[in-house]
Structures are given as structure tokens and as C-alpha cells.
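*Asks:* Questions regarding the structure given below will be posed in turn.
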Amino acid sequence: MEPKIIVAGLGPADLGQITLETWEALQTHRRIVLRTEVHPSVQALKARHIAFETCDAFYETCEDFQQVYEAIVAHLLEQTKAAGHEGEELLYCVPGHPMVAEETVQRLLQEAPRQGVQIEILSAMSFLDPVFTA
Numbered sequence: 003m004e005p006k007i008i009v010a011g012l013g014p015a016d017l018g019q020i021t022l023e024t025w026e027a028l029q030t031h032r033r034i035v036l037r038t039e040v041h042p043s044v045q046a047l048k049a050r051h052i053a054f055e056t057c058d059a060f061y062e063t064c065e066d067f068q069q070v071y072e073a074i075v076a077h078l079l080e081q082t083k084a085a086g087h088e089g090e091e092l093l094y095c096v097p098g099h100p101m102v103a104e105e106t107v108q109r110l111l112q113e114a115p116r117q118g119v120q121i122e123i124l125s126a127m128s129f130l131d132p133v134f135t136a
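Residues in the sequence shown are numbered consecutively from 3, following this note's numbering.
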């Protein structure tokens, strides 16, 4: 089975704005990586005992955002290959919608195919959606 990263958006705010598809993925995947723990829905994930790791340490150890993005993508691809050997997928969650202003997702879409890793995108509300309804 080819290694796979499922990229899911956590929406712009609390748990109520996560799609059902993403919620089910959060409940069924053992390997979950959040780009950042700084998001309104994270406390609700913790309260529901959903285990995850974050990429926040990269923001502290890298010199600039370009290095952060490179480090996150390398980490995700490495973790995905390890998970793939065990027949598992990696769930990578980002704030908002994965395709709106998410540099790590754009880099994953470029680099993953070169390394034999599939990418699946789960749609979500972006930070723009609440603006449209205001």
C-alpha cells in the first residue's frame, strides 16, 4: 500500500466548525499531526482524548518560516512512510481550509508525489467563510 497523508482542515474556530468527515478521521486515525496547537478546537480534541502531536517546536527551532515549512514537510513525509509500512495513514490537520493560505500543504502537494506518497484533501471552512456571512 502506498503511503498516504490525509490533510484535513480544522475550520476557523471551535469544534462546531469541523466537518463530519474530518471529525470521523480524527476519531479513527492513530497518527495525527496538527500544524499547530494554537487553534480554538484543540482544547476540545484534548477533552475528547484524541491523541496528536504538533509541529509547534519547528517554529521555535528554525530560523525563518521557509525553514519551518521545509522541516514540517520533511517530518510529515518521514512519519507517513513509517506509518505506511504499518498499513496506516497519517492525518495532518491545519487551521481553516487546507487549500487556503497553507504553505505546508502546497509544499506537500509538490513533494509527496516525488517520494511516492499520496495526498488526500478533506475540505473545511476557511477563515474567509465567517466574513461572507457577517
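We treat Cβ as the ideally placed atom computed from N, Cα and C, and that holds for glycine.
Assign V70 to one of two classes, buried (16 or more other C-beta atoms within 10 Å of its C-beta) or exposed (fewer than that).
*Replies:* So V70 ends up on the buried side.
*Asks:* Leaving out five residues before and five after I2 in sequence, what residues of the same chain have Cβ atoms less than 7 Å from its Cβ?
*Replies:* Outside the shown range of the chain, which is 3 to 136, sits residue 2, and nothing can be said about it.
*Asks:* Give every residue of the same chain whose Cβ lies closer than 7 Å to the Cβ of I121, excluding the five residues on either side of it in the sequence, and list them in chain order.
*Replies:* I7, V9, L110, L111, A114, listed in sequence order.
*Asks:* Comparing alpha-carbon positions, which option in D66, L36, V40, K48 lies nearest C57?
*Replies:* That would be L36, whose Cα lies nearest to the Cα of C57.
*Asks:* In this structure, does DSSP put G118 in helix, strand or coil?
*Replies:* The answer is coil: DSSP assigns G118 none of H, G, I, E or B.
*Asks:* Cβ of L92 within 8 Å of Cβ of L78?
*Replies:* The answer is yes: Cβ separation under 8 Å.
*Asks:* Cα-Cα, which of V119, I74, A53 is closest to T30?
*Replies:* Nearest option by C-alpha distance: A53.
*Asks:* List the DSSP bridge partners of G13.
*Replies:* In the DSSP output, where bridge partners are listed per residue, G13 has G98.
*Asks:* For T82 versus P5, is the C-beta spacing smaller than 8 Å?
*Replies:* It is a contact, given that the beta carbons lie within the stated cut-off.
*Asks:* By Cβ distance below 7 Å, which residues in the same chain neighbour V107 in space, the five residues on each side in sequence not counted?
*Replies:* Excluding sequence neighbours, V107 sits near V9, V96, P100, M101.
*Asks:* State the DSSP-derived secondary structure class of V35, mapped to helix, strand or coil.
*Replies:* Three-state result, V35: strand.
*Asks:* Mapping the DSSP letters down to three states, classify E55 as helix, strand or coil.
*Replies:* If DSSP states are grouped into helix, strand and coil, E55 belongs with the strands.
*Asks:* Just to confirm, is the Cβ distance from L12 to H41 under 8 Å?
*Replies:* Result yes, Cβ atoms of L12 and H41 sit closer than 8 Å.
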